[in-house]
Structure formats: structure tokens, C-alpha cells
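Numbering (the numbering used here), first residue to last: 1 to 431. Don't be surprised by glycine CBs; every beta carbon is placed ideally from N, CA and C.
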């Protein structure tokens with residue numbers, strides 16, 4: 001029991017909140033980033049140039065000053081690792097390098113290295129610099145069938161390559177062993193004027209969570225959430241996410257036990273896939289937008305939840321999708337989940353019901369106490385609150401964390417009755 005407890009304690013780590021694409025590296029800009037509630041950052045883009053440039057050096061200096069840990073993007077430029085690493089390691093903020101969306105083999109679509117090409121470079125780096133992290137951010141499931149110009153592969157094979165060639169390098173190391181992915185669910189169809197959530201997004205989140213659970217290694221998971229519209233010309237992601245859209249994504253990741261949540265994007269890129277009217281948390285004049293304040297509010301809530309959530313996330317047992325009695329249409333994303341739980345699979349639970357679709361993430365803390373993240377999983381555009389009930393077998397007292405604040409609730413007949421605003425999640429912990 002002592003050995004098991006020590007292992008569990010090593011896994012109890014704070015939730016990580018980070019974002020992609022910084023603004024110009026000035027004290028004011030990086031102070032604003034820190035004040036938004038972030039503790040990590042991915043350094044790339046025109047505001048900081050690339051690895052090896054004076055602007056990147058300045059960005060790391062700003063990270064040092066404000067206590068922000070940093071990944072330096074090395075996508076497509078593996079040669080710069082050896083050139084830059086000694087200088088970057090002088091910065092306390094330097095966490096490591098990241099590589100965005102490679103596939104298994106070098107491809108002809110984006111001209112990027114493959115995982116098998118990246119692996120020997122990372123292995124060489126790790127032997128000489130064992131504390132430097134390397135994070136590969138994987139493509140979503142829907143990208144598997146793109147014309148990569150490589151041998152065809154399944155998503156399972158993609159994850160196996162990440163585990164074999166990259167995660168295996170960090171086996172037994174104290175350095176964080178990352179599993180990361182992005183997929184963006186906030187969609188709009190201009191032809192039908194329909195606003196909806198991407199059907200395959202939830203399955204993609206499950207893929208990563210299950211890969212961590214089943215891995216032979218101790219992994220940390222990261223997933224990117226969509227906080228801005230993108231696509232030129234207008235495509236299915238040309239929709240400005242609301243606070244509820246952002247909240248739904250974050251609470252869903254908590255329900256799947258994720259270690260890190262990354263915002264896409266923080267500053268607004270000027271690259272070709274974004275139009276002039278599309279913006280993110282910081283606009284192209286480097287001014288805060290309403291999305292900045294949405295992120296700041298949510299990050300504050302997540303920080304309040306952290307002391308409880310961090311004791312649960314590494315003993316994730318699965319998610320229980322509960323179809324709403326009054327839901328207007330069948331939740332397609334629930335049906336795509338490969339390993340959903342049912343009440344009969346959850347030791348402490350008898351049943352759950354809801355008038356709208358909810359997702360129940362199931363956990364146990366290191367003392368064996370059950371915990372649940374319950375999320376209103378309905379389409380945020382429908383603006384429907386969810387009223388739900390969970391009947392437990394022997395639980396008569398629970399702590400309920402809403403917006404990070406605890407309320408102790410005594411149950412009648414072992415049943416908890418609650419409600420969830422649009423995109424909202426709560427944490428329930430048996431006492």
C-alpha cells in the first residue's frame with residue numbers, strides 16, 4: 001500500500017493552463033498573459049519569430065520575468081534544436097520544444113517530418129539534456145484520411161507510433177512524458193445557418209484519454225480548445241466561441257481527466273487561414289477582446305477547482321454519457337464513444353437521469369473516494385439548461401464544487417438533484 005500511495009502522490013500535479021501563439025514580447029503583453037491565468041505558453045508565430053531569433057530570446061526573457069514556463073516551437077526545423085538548446089537552457093522558463101501535427105512518416109502534404117524522423121533527434125537530445133521536454137501535438141481523427149502521401153494509417157496506429165517512438169524515449173525519466181492533440185468542435189454551416197458541435201470531437205478526446213489510461217508509461221495529456229473562429233474562405237469553424245462554448249470544452253476535458261488545457265489561440269495570427277474579421281483573445285492591435293475576459297474568468301474557476309481535481313485526474317475510470325429525456329435530437333457524439341460507462345459499471349452509482357444530455361466523468365481519489373465531473377453536454381447554441389439527478393448506493397453527503405466554490409449537500413434517499421447552465425460543469429465529491 002505504501003508503494004502504491006507514493007506512486008499516486010507522484011502523479012498528483014496541478015492542472016496546466018497554456019495557450020498557443022503569444023503577442024509581441026513586451027512586459028505589458030506578458031503581464032496580461034499571466035494575469036489571464038496561464039502558467040505555460042507555446043512560443044511561435046510572427047510576433048516572436050522562430051527558434052534562434054532575437055524576438056524568441058526576448059520572449060523567453062519575458063517568460064523568465066513573469067514565471068511562465070515555455071515551449072519553443074520547432075515544427076519543421078529539427079536542426080535548430082542543437083543550435084539553440086544550450087542558450088535556451090540558460091532561461092529558467094524554458095521547458096522544452098514542441099512539434100505540431102506530424103504524422104507517422106514524412107509527408108508530402110505539409111512537408112513536415114514524421115514521428116519516425118523526429119524520434120532519433122529527440123532521443124539524442126534526451127540523452128544529453130534529460131530535463132528538456134518534447135511535446136508532439138497530434139492531428140485530430142478527422143485528419144487521418146487526408147492525402148498525406150504516406151502509407152495509409154489508422155488513428156490507433158498513429159497513437160501506437162507516438163507511444164513507441166516518442167513516449168518510449170522518456171520511460172523512467174522524471175521529465176514529463178506528453179500526449180497532446182487538437183480538435184475543434186465549435187462549428188457553423190453558412191449554407192443552412194446551423195450552429196453545432198463537431199460530432200467526432202468527443203471521440204477524439206476519448207482516444208487521448210484512453211491512450212493515457214492504457215499506456216505502459218506515465219503520461220500527461222494536453223488538449224487544445226477552440227477560442228477563436230478560423231478558416232479562409234469561411235468554413236465550418238468560422239464561428240466566434242462564446243464563454244459557454246469555451247467552458248463546455250474545458251469541463252469536458254476535465255471529465256476525461258486531462259492534465260493540461262491549451263487555448264487556440266491567444267494572440268490573433270495574421271496567417272492565411274484567418275481573415276481580418278476573425279480574432280482571438282488579443283486582437284491584431286494587441287488589445288484585449290471579450291474572449292480574453294472569458295478565458296480569464298474560466299481560468300480563475302479552474303484554479304479554484306485544482307486542489308480537488310488534481311487528486312482525481314490520474315485515476316480516471318471513464319465517462320458515462322446520459323441522454324436527455326427532453327433532448328430535441330439524438331446526441332451523435334455520445335454514440336461514437338467506444339468505451340462509454342453505464343451506471344452498472346460504476347460501483348457507487350445506481351442510476352442517472354437528465355432532461356438534457358449530460359456527461360459524467362468518473363474518478364476516485366488516492367483514498368478511494370468517488371468523484372464526478374458532470375457537464376451539460378448539449379449544443380451550447382440551443383441555450384438549454386440541464387436538470388439532472390444521480391442516485392448513489394450508499395452516499396448521503398457530498399461536496400459540490402460550482403464555479404470553484406464548495407457546497408456541502410446532504411442527500412435524501414442517496415439522490416443528488418442538480419442543474420447545469422449552458423456549457424457548465426460541476427465537480428461532485430463523496431464525503
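What is the rounded straight-line gap between the Cα of residue 371 and the Cα of residue 304?
-> If I take the Cα positions, the gap works out to 16 Å.
For residue 283, does the three-state DSSP call read helix, strand or coil?
-> The answer is coil: DSSP assigns residue 283 none of H, G, I, E or B.
Three-pair Cβ contact test at 8 Å for the segment 103-123 versus the segment 148-159 = The segment 103-123 and the segment 148-159 touch, with no fewer than 3 CB-CB distances between them shorter than 8 Å.
Excluding the five sequence neighbours on either side, which residues of its own chain have a C-beta within less than 6 Å of the C-beta of residue 11, listed in chain order?
-> Setting aside the 5 residues that flank it on each side, residue 11 is surrounded in the same chain by 314, each with a C-beta closer than 6 Å to its C-beta; the list follows chain order.
Between which two residues does the alpha helix (DSSP H) containing residue 201 stretch?
-> Start and end: 201-214.
For residue 269, does the three-state DSSP call read helix, strand or coil?
-> Under the three-state reduction of DSSP output, residue 269 falls in the coil class, being neither helix nor strand.
Compute the Euclidean distance between the alpha carbons of residue 141 and residue 198, then round it to the nearest angstrom.
-> So the alpha carbons of these two residues sit roughly 12 Å apart.
From the DSSP output, read off the bridge partner residues of residue 197.
-> Partner(s): 186.
Count the other CB atoms within 10 Å of the CB of residue 307; is the residue buried (16 or more) or exposed (fewer)?
-> Answer is exposed; the Cβ neighbour count stays below 16.
Measure the C-alpha to C-alpha separation of residue 21 and residue 221 and round it to an integer number of angstroms.
-> It is roughly 20 Å from the alpha-carbon of residue 21 to the alpha-carbon of residue 221.
Per DSSP, which residues does residue 315 bridge with? Please list them.
-> In the DSSP assignment, residue 315 forms no beta bridge with any residue.
Which whole-angstrom value is the C-beta distance of residue 131 and residue 175, which I expect to be below 8 Å?
-> Confirmed, about 6 Å.
First and last residue of the uninterrupted beta strand (DSSP E) at residue 360 = Bounds of the beta strand (DSSP E) holding residue 360 are 358-364.
Should the segment 318-331 be regarded as contacting the segment 181-191, the criterion being three or more beta carbon pairs within less than 8 Å?
-> Contact fails between the segment 318-331 and the segment 181-191, because fewer than three Cβ pairs, one in each stretch, are under 8 Å apart.
Rounded C-beta distance between residue 299 and residue 36? I'm assuming under 8 Å.
-> Contact annotation, residue 299 with residue 36: C-beta distance approximately 6 Å; criterion of less than 8 Å satisfied.
Helix, strand or coil for residue 146, going by three-state DSSP, please let me know.
-> Coil.
Residue 112: first and last residue of the uninterrupted alpha helix (DSSP H) it sits in | It is not in any alpha helix (DSSP H) - residue 112 carries neither H nor E in the DSSP assignment.
Give every residue of the same chain whose Cβ lies closer than 8 Å to the Cβ of residue 157, excluding the five residues on either side of it in the sequence, and list them in chain order.
-> 104, listed in sequence order.
Would a C-beta distance cut-off of 7 Å place residue 380 and residue 422 closer than the cut-off?
-> Yes, they are a contact pair.
Consult DSSP for residue 50 and reduce its assignment to one of helix, strand or coil.
-> In the three-state reduction of the DSSP assignment, residue 50 falls in the coil class, being assigned neither a helical nor a strand state.
So, is the C-beta of residue 78 closer than 7 Å to a C-beta in chain B?
-> Chain labels in this structure do not include chain B; a single protein chain is all it has.
Paired residues, beta bridge with residue 415 - DSSP | Residue pairing of residue 415 in beta bridges, as defined by DSSP: 391 and 412.
Measure the beta-carbon distance from residue 181 to residue 219 and round it to whole angstroms, keeping in mind my assumption that it falls under 8 Å.
-> Residue 181 to residue 219, Cβ: 12 Å. No contact.
Please report the residue range of the beta strand (DSSP E) in which residue 73 lies.
-> DSSP places residue 73 inside the beta strand (DSSP E), whose first and last residues are 69-73.
For residue 266 and residue 280, believed in contact at Cβ under 8 Å, the rounded distance = Contact flag correct, Cβ pair sits at about 6 Å.
Run through DSSP, which three-state label would residue 66 get?
-> The answer is helix: DSSP assigns residue 66 an H, G or I state.
Option in 360, 312 and 310 with minimal Cα separation from residue 334 = In terms of Cα proximity to residue 334, the closest of 360, 312 and 310 is 360.
Span separating the alpha-carbon of residue 229 from that of residue 195 | For residue 229 and residue 195, the gap between their C-alpha atoms comes out near 13 Å.
C-alpha gap between residue 153 and residue 144, whole angstroms = Distance between the alpha carbons of residue 153 and residue 144: 7 Å.
When you compare only the Cα positions, how much space is there between residue 25 and residue 237?
-> If you draw a straight line from the Cα of residue 25 to the Cα of residue 237, it comes to about 29 Å.
Buried versus exposed call for residue 271 [16 or more other C-beta atoms within 10 Å across all chains shown] = Per the 10 Å Cβ criterion, exposed.
Anyone know if the C-beta pair for residue 263 and residue 19 falls short of 7 Å?
-> With contacts defined as CB atoms closer than 7 Å, residue 263 and residue 19 qualify as a contacting pair.
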